[in-house]
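Numbering (this note's numbering), first residue to last: 623 to 780.
Idealized CB from N, CA, C, for every residue including glycine.
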């Protein structure tokens, strides 16, 4: 028995991708993967991406800003992690820079301090060095700058 994958006309694929992009912000990479997953040929992929760009369904700068706001507010990611994740998605340096402006500096430090203090209370380690290491690893993994992390850890754990 042969598995016959569904094929789409360019119009069907356009409609499908319009819905895909309207549902939530997408980056070019996600849209391309979706189209290749639909077995579209490269020429059709390019045509559809141009259509989505022209009709503002796809906008890299808007995606980057939404991504940064969301991951910062919900997952409490620091600037290093946000930048790294955007680069993985092939977002241009210019759009990464623009997106980072979405984060208010005062809010950034406030979130960092709350996150560090809350996590420090949750670490049940008795050994001071192990406790520091756990907190440092946690904050660095979340993408906070190392100078902030080390200063805060030394302030919180003595």
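Residue i burial status per 10 Å Cβ neighbour count (16 or more: buried)
i: residue 705; result: buried
i: residue 776; result: exposed
i: residue 659; result: exposed
i: residue 644; result: exposed
i: residue 648; result: buried
i: residue 713; result: buried
Residue i (DSSP reduced to helix, strand or coil)
i: residue 633; result: helix
i: residue 668; result: helix
i: residue 737; result: helix
i: residue 781; result: No information on residue 781 is available, as it lies outside the stretch 623 to 780 that the chain covers here.
i: residue 646; result: coil
i: residue 747; result: coil
i: residue 726; result: coil
Proximal residues to residue i (C-beta, below 8 Å), its chain only, five neighbours per side dropped
i: residue 779; result: 742, 750, 753, 754 and 757
i: residue 657; result: 635, 639, 666, 667, 670 and 671
i: residue 652; result: 711
i: residue 677; result: 640
Distance cut-off 6 Å: residue i Cβ against heavy atoms of the ligand FMN
i: residue 764; result: You won't find the ligand FMN in this model; it holds no ligand whatsoever.
The alpha helix (DSSP H) enclosing residue i, as first and last residue numbers
i: residue 770; result: 768-778
i: residue 759; result: 750-763
i: residue 695; result: 682-697
i: residue 702; result: 701-710
i: residue 678; result: Looking at the DSSP string, residue 678 is not in any alpha helix (DSSP H), and its letter there is neither H nor E.
i: residue 715; result: 715-722
7 Å Cβ shell around residue i - same chain, five flanking residues per side excluded
i: residue 764; result: 698, 699, 700 and 703
Cut-off 6 Å between Cβ atoms - residues of its own chain near residue i, not counting five sequence neighbours on either side
i: residue 650; result: none
i: residue 774; result: 738
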